[in-house]
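Here's the structure, in structure tokens; my notes come after.
Here's what the structure looks like:
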């Protein structure tokens, strides 16, 4: 498999529950990004890793959100105490080096009831 | 503040003709521009990119044009095929730091047989 993979593809949860998503980037890519997309909008940047270091976070990423990339390979995005406003498609992308194009995974669609 | 704008929410083109999708940006620091194609329930698929040192880049049926003075880019698809029907996003990034992508709102392209 040469692409970015994400798991799960779909998640339905009740308000107040915690959820965790996983992203496996393209193996040689050192940069990993998380984006969020809501209906009718383009993806919006959430956070960025270079290897295992989280170097930038958007103000969209509230304290309920946390992301990790422990060994510089896969990454997890956790949302604590989910709210209905968290319902969206969560996209992961990876790239290599500086100036490289970002390649996206299929996304995880989250629905908070 | 919408730094990247796609002012046409939808576009309908006859099969075999040229499709032209447009994008405008306001941030003069952007130096790398990309087009992505997105099918429902999938992540964006990278199509083509262009650096600000160029004004044109071609890849098969896809050509991207960049007009830096007008802060405008366009994607030309020739000839258009039914499989091109999708939502197209333009995106831009700055050269420094995270190089996170800033996306437009998308244009839904429909190719009619």
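Residue numbers (the working numbering), protein chains in the order written: chain F, 1 to 113; chain Z, 1001 to 1113. Positions of the beta carbon are idealized from the N, C-alpha and C atoms, including for glycine.
If you draw a straight line from the C-alpha of residue i to the C-alpha of residue j, how long is it?
i	j	result
residue 49 of chain F	residue 76 of chain F	11 Å
residue 101 of chain F	residue 1079 of chain Z	25 Å
residue 39 of chain F	residue 88 of chain F	8 Å
residue 1072 of chain Z	residue 14 of chain F	43 Å
residue 111 of chain F	residue 19 of chain F	11 Å
residue 26 of chain F	residue 6 of chain F	11 Å
residue 1014 of chain Z	residue 1061 of chain Z	15 Å
residue 1056 of chain Z	residue 1021 of chain Z	15 Å
residue 1064 of chain Z	residue 1095 of chain Z	19 Å
residue 35 of chain F	residue 90 of chain F	6 Å
residue 1110 of chain Z	residue 1054 of chain Z	29 Å
residue 22 of chain F	residue 109 of chain F	12 Å
residue 58 of chain F	residue 16 of chain F	22 Å
residue 113 of chain F	residue 85 of chain F	10 Å
residue 12 of chain F	residue 1068 of chain Z	44 Å
residue 37 of chain F	residue 1045 of chain Z	14 Å
residue 1093 of chain Z	residue 67 of chain F	22 Å
residue 1082 of chain Z	residue 1027 of chain Z	34 Å
residue 92 of chain F	residue 1018 of chain Z	32 Å
residue 98 of chain F	residue 1099 of chain Z	8 Å
Does residue i come within less than 7 Å of chain F when only Cβ atoms are used?
i	result
residue 1094 of chain Z	no
residue 1098 of chain Z	yes
residue 1052 of chain Z	no
residue 1105 of chain Z	yes
residue 1085 of chain Z	no
residue 1062 of chain Z	no
residue 1089 of chain Z	yes
residue 1010 of chain Z	no
residue 1074 of chain Z	no
Contact defined as beta carbons within less than 8 Å: I believe residue i pairs with residue j. What is the distance between those atoms, to the nearest angstrom?
i	j	result
residue 1091 of chain Z	residue 1004 of chain Z	7 Å
residue 56 of chain F	residue 71 of chain F	About 20 Å; that fails the 8 Å criterion.
residue 106 of chain F	residue 9 of chain F	6 Å
residue 74 of chain F	residue 1101 of chain Z	The pair is not a contact, with the Cβ atoms about 21 Å apart (cut-off 8 Å).
Please state the DSSP three-state secondary structure of residue i.
i	result
residue 84 of chain F	helix
residue 1084 of chain Z	helix
residue 1013 of chain Z	strand
residue 64 of chain F	coil
residue 1053 of chain Z	coil
residue 4 of chain F	coil
residue 1078 of chain Z	coil
residue 56 of chain F	strand
residue 103 of chain F	strand
residue 1039 of chain Z	coil
residue 35 of chain F	strand
residue 114 of chain F	What is shown of chain F runs 1 to 113, which leaves residue 114 of chain F out entirely.
residue 1098 of chain Z	coil
Let me see if you follow: with CB-CB separation under 7 Å, is residue i close to chain Z or not?
i	result
residue 25 of chain F	no
residue 45 of chain F	yes
residue 106 of chain F	yes
residue 54 of chain F	no
residue 101 of chain F	yes
residue 48 of chain F	yes
residue 41 of chain F	yes
residue 61 of chain F	no
Exercise. Identify each residue in the stretch 1028-1047 of chain Z for which the Cβ-Cβ distance to at least one residue of chain A is less than 8 Å, and report them in chain order.
Key: Among the protein chains of the structure shown, namely F and Z, there is no chain A.
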